[in-house]
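Enquirer:
There are 2 protein chains.
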Amino acid sequence: MLMIPGPTPVPEQVLLAMAKHPMGHRSGEFSALMAEVTENLKWLHQTQNDVLILAASGTGAMEAGIINFLSQGDRVLVGNNGKFGERWGKVARAYGLETQEITAEWGKPLNPDDFKAALEADTDKSIKAVILTHSETSTGVLNDLETINAHVKAHGQALIMVDAVTSMGACPVPVDAWGLDVVASGSQKGYMIPPGLAFVSVGPRAWAAYETANLPKFYLDLGPYRKDGAKNTTPFTPPVNLFFALQAALQMMKKEGLEAIFARHDRQRRATRAAMAALNLPLFGADDSASPAITAVMPQQVDAEQVRSVMKKRFDIALAGGQDHLKGKIFRIGHLGFVCDRDILSAVAALEATLTHLGYDQFTPGAGVNAAGQILLA
Amino acid sequence: MLMIPGPTPVPEQVLLAMAKHPMGHRSGEFSALMAEVTENLKWLHQTQNDVLILAASGTGAMEAGIINFLSQGDRVLVGNNGKFGERWGKVARAYGLETQEITAEWGKPLNPDDFKAALEADTDKSIKAVILTHSETSTGVLNDLETINAHVKAHGQALIMVDAVTSMGACPVPVDAWGLDVVASGSQKGYMIPPGLAFVSVGPRAWAAYETANLPKFYLDLGPYRKDGAKNTTPFTPPVNLFFALQAALQMMKKEGLEAIFARHDRQRRATRAAMAALNLPLFGADDSASPAITAVMPQQVDAEQVRSVMKKRFDIALAGGQDHLKGKIFRIGHLGFVCDRDILSAVAALEATLTHLGYDQFTPGAGVNAAGQILLA
Chain F
1 MLMIPGPTPV PEQVLLAMAK HPMGHRSGEF SALMAEVTEN LKWLHQTQND VLILAASGTG
61 AMEAGIINFL SQGDRVLVGN NGKFGERWGK VARAYGLETQ EITAEWGKPL NPDDFKAALE
121 ADTDKSIKAV ILTHSETSTG VLNDLETINA HVKAHGQALI MVDAVTSMGA CPVPVDAWGL
181 DVVASGSQKG YMIPPGLAFV SVGPRAWAAY ETANLPKFYL DLGPYRKDGA KNTTPFTPPV
241 NLFFALQAAL QMMKKEGLEA IFARHDRQRR ATRAAMAALN LPLFGADDSA SPAITAVMPQ
301 QVDAEQVRSV MKKRFDIALA GGQDHLKGKI FRIGHLGFVC DRDILSAVAA LEATLTHLGY
361 DQFTPGAGVN AAGQILLA
Chain C
1 MLMIPGPTPV PEQVLLAMAK HPMGHRSGEF SALMAEVTEN LKWLHQTQND VLILAASGTG
61 AMEAGIINFL SQGDRVLVGN NGKFGERWGK VARAYGLETQ EITAEWGKPL NPDDFKAALE
121 ADTDKSIKAV ILTHSETSTG VLNDLETINA HVKAHGQALI MVDAVTSMGA CPVPVDAWGL
181 DVVASGSQKG YMIPPGLAFV SVGPRAWAAY ETANLPKFYL DLGPYRKDGA KNTTPFTPPV
241 NLFFALQAAL QMMKKEGLEA IFARHDRQRR ATRAAMAALN LPLFGADDSA SPAITAVMPQ
301 QVDAEQVRSV MKKRFDIALA GGQDHLKGKI FRIGHLGFVC DRDILSAVAA LEATLTHLGY
361 DQFTPGAGVN AAGQILLA
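Sequence order for the protein chains is F and C. Going by the working numbering, the first residue of the first sequence is number 1, and it counts up by one from there. Going by the working numbering, the first residue of the second sequence is number 1, and it counts up by one from there.
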C-alpha cells in the first residue's frame, strides 16, 4: 500500500491496460490513442495549449520546460523552499542561466510579496522567467501560485514556469484561466499510472520565446514534439504501454470529474491533518499552505524512521521519509491519486497501532481514526 | 504480430510482470531488483563497465552518451549511412560539436577504410570521438564495428560511441573485448520489453573524459546515475513497472544464453533473406552487411505500401515501411527480440498470399516458405 508521493497506487484496470501487448507506434491505432489522451490531458490541464508527452521523469519535463524557452545568460527568478525548488535552480545554472532565488525555510510557503518586490525592482524587464514548484513534495507545502502568478502578470514580460508534479490532478491548476506559460507534471502522481511519462503544457508566449531560445537540446527539444504531436505522432519511440495506462487512467479521471477529484484530495488532506493533530503529532507546515498531495509530520517523542519501519514491515504501508536535512526527522503520508477514504482510515489506524507499539502515549487510542472519520463523512 | 524493428513482441510473462503493482523506488526491494538487473545488463553487454538505466527512448541514451564526454567545439567523426547515423550528427551539432561525417549510401555499409584514413590524417589527435550506429535500423545494414573500432584504437585518443539499439541482444557487442567506451541501447528491441527504458554502458576512458566535459546537462547527466547506481538507486524516479519487465526479460535471456540468442537471430536473418530471394524480391543491402534485427526489401513489380497494408489488415502482421526518401519504396521485416522460427514462417507464408493477392507472380507458390524452412531446420 503506497502512501508515498509517487509512485502512487495504480488502479487494477490501469495495470491491466498496461499489460496489453504493445502496438506499433507508427500506426493509425496509436495515433487514435494519442489523439484521445492529448484531448484528455488538455481537459485535465484546463487548457487549449499544447500538452506534450515525454518519455522521462518529471525532472525531464521540467528541464524541457526551462531549456526550450530561454537563452544563455538569461536572468530567471527561482522559488526555492524545498528539494524540488532547489533542483530547478540547479537545472537553470547547469545551462548557464543567471538565477536569483526567492527562498523560504523548508516547511514554509514562498512569500508572494518577495516575488512582487523582485519583479517590481526589475524595471528594465531583464527577468525572463519565474520558475517555481506549486506543491513542494519534499515538505508538503503548497505555494500560492495564483498570487505569485498575478505578480508575474503585472511584470508583463517574464514567463511563468511551474512544476505541478504533485498538484496536477490533486488541486486546481487552471492553465488558461491563470495564463500559465509552462507547466510540467509526471505520470506517477495524480495521474494514477506508474512512472515513465512526463507532461509539459506550453502556451503561445512560451512558443514565441522558443523561436529565439538558444540553449542546446535534442531529446528534450519540444519543437519536434509539438510538430509531430499535431499529427498525433511522436519524434521518438513512445512508451506505448504507459500510453495504454494513461488512456485508462484519464478515462477514469474524466468519469470522476475534476471537481470531485479536487474535493476528494482536499477532504483527505484535511482528514489526515486532523488525525495527526488528534494524535498530538506536530504537522510540518501550516494548514493554510498544506499540499493536497502529501502531509509531512515531525514527531517529537517517537522516531520517524521507526514509525516508517513498523508501518512497512507490519502493515505493508509505505510512508515516505524526509529528504536531505529532514532525513530521519519527518515522515510523509501521501494522499495523491488513486486513494480512497478507506485508505486514509487504514493508514491512520495502522499509525495508531504503530505509535502504541513504539511506546508513544501522547494520544487517546482511537482519537486519530475518529478525527479523520468525522471529516471524511462530514 | 509485430514484425517491425521496435516495439518488438513482448513475452506474456514480461507483460504480466509489468502489470504488478508498482513498489516504492526508495525501498530495499527496489534496490535488490536494480542490483539484479544491473548485473544482468553487464552480462548482456559482456562488460564490467557501468551500465546505466535511463527513463528515455534510445535517442535519449545516445544523446547522453555523446554529451557527457565531450566539450563545446570538440571535433567528432560521425558515421552516417541511414536515419540514425544522420541523427547522431544532428545531436552533435545541436551541442556545438564540430562534426566530420563519414557517409555511405543508404543500404550500403560504412567503409572502415574511410575511418582509417580520417583517423590517420588526424596527426594532432584533434578527433575526440568516433560516433556510429552498429545496426542501422532504417536500412537493415550492419556496420563493421569491429574493424572500425580497431582503427579508432590505432588512433589511440578518440573515444568510440556506439548506437547498439538494434544490435544489443541480437548479435555480439562484446563491450570489454572490443574496448567500446560508450554503448547505447533501448528496451523495445532485443530486450523484449516495451519502450520507455534506455541503457548506456560507460567505460573508464569515457569517465575520465567526463571530468572535463563541459556541455550543459541535467536530466541526462550520467554522473548522478553512476553515483546513485553504485548504491542501487536512481537520481530520478525510475519507471518501476518497466524495471519489472526488464527483470523478467533478462532472466529469460540468461536462460536462453547469449550464444543461443545470437544464433537464433542469425538463423532468422538468413531464413528471411533466403525467402525473399526465393520470392524474387530484391533485398535492400548485401548479405555480408545484413542486420541481425531487420531485413529491408525493395520490391519492384508490387507496391511496398500495398504489401504492408494487406499484411496488416488481413493477417494482422505489422511490417515497417521506409523512412525519409525510402518511404513507399521499401518494406522492412523485423526479426528482433522475442521472435521464434514459427513467426518467420508465418510472416513468409502471409507475404506469399499477399503477393499473389496483389497480382505479383514472380515466384513459385511455396518457394519462400520452403527456402526459409530449409534454413530454419538446417
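Here a beta-carbon is modelled for each residue, glycine too, at the ideal position from N, C-alpha and C. Since the model is a prediction, treat every value here as computed from it, not as a measurement.
Would you call the segment 231–240 of chain C in contact with the segment 251–263 of chain C, where contact means no fewer than 3 C-beta pairs closer than 8 Å?
Expert: No, the segment 231–240 of chain C is not in contact with the segment 251–263 of chain C.
Enquirer: At 3 residues or longer, what runs of the beta strand (DSSP E) sit wholly inside the segment 43–109 of chain C?
Expert: Taking only runs of at least 3 residues, the beta strand (DSSP E) segments lying wholly in the segment 43–109 of chain C are 50–55, 75–80, 98–103.
Enquirer: So which of C/Ala290, C/Tyr191, C/Arg270, C/Ile294 has the shortest CA-CA distance to C/Ala248?
Expert: Minimum Cα distance to C/Ala248 is reached at C/Tyr191.
Enquirer: List, in order along the chain, the chain F residues whose C-beta lies closer than 7 Å to that of C/Gln13?
Expert: The contacting residues do not exist; C/Gln13 stays about 11 Å from chain F at best.
Enquirer: Using the Cα positions of F/Ala129 and C/Lys329, report the straight-line distance between them to the nearest angstrom.
Expert: Those two C-alpha atoms are separated by around 47 Å.
Enquirer: Using the C-alpha atoms, what's the distance from F/Ala350 back to C/Gly85?
Expert: About 56 Å.
Enquirer: Pick out whichever of C/Pro239, C/Arg269, C/Ala260, C/Gly140 has its Cα sitting closest to the Cα of C/Ala56.
Expert: The candidate whose alpha carbon is nearest that of C/Ala56 is C/Pro239.
Enquirer: Is C/Arg205 near C/Asp181, with beta carbons less than 9 Å apart?
Expert: Yes. Within cutoff.
Enquirer: Going by DSSP in three states, F/Ile131 sits in which element: helix, strand or coil?
Expert: Reduced to three states, the DSSP call for F/Ile131 is strand.
Enquirer: Can you pull the chain C neighbours of F/Met18, defined as C-beta to C-beta under 8 Å?
Expert: Within 8 Å Cβ-Cβ: Met18, Ala19, Asn241.
Enquirer: Quick one: Cα of F/Phe243 to Cα of F/Leu33, how far?
Expert: So the alpha carbons of these two residues sit roughly 8 Å apart.
Enquirer: Between C/Leu110, C/Ser126, C/Gly366, C/Leu246, which lies nearest to C/Asp288 when the distance is taken from Cα to Cα?
Expert: It is C/Leu110 whose Cα lies nearest to the Cα of C/Asp288.
Enquirer: When DSSP builds the beta bridges, which residues end up paired with C/Gly366?
Expert: None, per the DSSP bridge assignment.
Enquirer: Since C/Asp163 and C/Met62 are thought to touch, with beta carbons under 8 Å apart, how far apart are those beta carbons, to the nearest angstrom?
Expert: At roughly 5 Å, the Cβ-Cβ gap stays under 8 Å, so C/Asp163 and C/Met62 are in contact.
Enquirer: Hey, out of C/Ala184, C/Ala117, C/Arg308, whose CA is closest to C/Leu222's CA?
Expert: Taking only the C-alpha atoms, the option nearest C/Leu222 is C/Ala184.
Enquirer: Taking buried to mean at least 16 other C-beta atoms within 10 Å of its own C-beta, is F/Glu259 buried or exposed?
Expert: When all chains shown are included, F/Glu259 counts as exposed.
Enquirer: Leaving out five residues before and five after F/Phe30 in sequence, what residues of the same chain have Cβ atoms less than 6 Å from its Cβ?
Expert: Cβ neighbours of F/Phe30 beyond the five flanking positions: Met23.
Enquirer: Sort C/Gly321, C/Val165, C/Ala367, C/Gly368 by Cα distance to F/His25 and report the nearest one.
Expert: That would be C/Gly321, whose Cα lies nearest to the Cα of F/His25.
Enquirer: Rounded to the nearest angstrom, what separates C/Pro112 and C/Ile148 at their Cα positions?
Expert: Computed Cα separation, rounded: 5 Å.
Enquirer: Could you name the residues of chain C that F/Phe218 contacts, counting a contact when the two beta carbons are closer than 8 Å?
Expert: Within 8 Å Cβ-Cβ: Thr59, Glu63, Lys90, Val91, Ala94, Tyr95.
Enquirer: For C/Cys340, does the count of other Cβ atoms within 10 angstroms reach 16, so buried, or fall short, so exposed?
Expert: C/Cys340 should be labelled exposed.
Enquirer: What three-state label does DSSP hand F/Gly156 in the structure shown?
Expert: In the structure shown, F/Gly156 sits in coil (DSSP, three-state: anything other than H, G, I, E or B).
Enquirer: Let me check understanding here. Comparing Cα to Cα, which of F/Asp361, F/Leu220, F/Gln301, F/Leu2 lies closest to F/Gly65?
Expert: When each option's Cα is compared against that of F/Gly65, the closest is F/Leu220.
Enquirer: Is it true that the segment 156–171 of chain C meets the segment 130–143 of chain C, where meeting means three or more beta-carbon pairs spaced less than 8 Å apart?
Expert: Enough Cβ pairs lie closer than 8 Å, so yes.
Enquirer: In the DSSP assignment, what residue or residues form a beta bridge with F/Val183?
Expert: F/Val162, F/Ser201.
Enquirer: Residues of chain C with CB closer than 7 Å to the CB of F/Phe236, please, in chain order.
Expert: Correct list: Ser57, Thr59.
Enquirer: Just the C-alpha distance for F/Phe262 and F/Leu41, rounded to the nearest angstrom, thanks.
Expert: Rounded to the nearest angstrom, the two C-alpha atoms are 16 Å apart.
Enquirer: If the cut is a Cβ gap below 9 Å, which residues of chain F does C/Val10 touch?
Expert: In chain order: His21, Pro22, Asn241.
Enquirer: Does the beta carbon of F/Leu250 come closer than 9 Å to any beta carbon on chain C?
Expert: No - not a single Cβ of chain C is within 9 Å of the one on F/Leu250.
Enquirer: Quick check: the segment 358–371 of chain C against the segment 278–295 of chain C, are there 3 or more CB pairs under 8 Å?
Expert: At 8 Å Cβ cutoff, the stretches touch.
Enquirer: Tell me where the alpha helix (DSSP H) around F/Thr356 begins and ends.
Expert: Looking at the DSSP string, the run of the alpha helix (DSSP H) that includes F/Thr356 is 341–357.
Enquirer: Hey, would you say C/Ser187 sits closer than 9 Å to C/Asn49, going by beta carbons?
Expert: The answer is no: Cβ separation not under 9 Å.
Enquirer: Using the C-alpha atoms, what's the distance from C/Gly359 back to F/His45?
Expert: Near 52 Å, if we compare the C-alpha coordinates of C/Gly359 and F/His45.
Enquirer: Which same chain residues end up closer than 8 Å to C/Gln301 when comparing Cβ atoms and leaving out the 5 residues on each side of it in sequence?
Expert: The answer, listed in chain order, is Tyr360, Gln362.
Enquirer: Residues of the segment 125–153 of chain F in Cβ contact with chain C at a cutoff of 8 Å, in chain order, please.
Expert: Result list empty, no residue passes.
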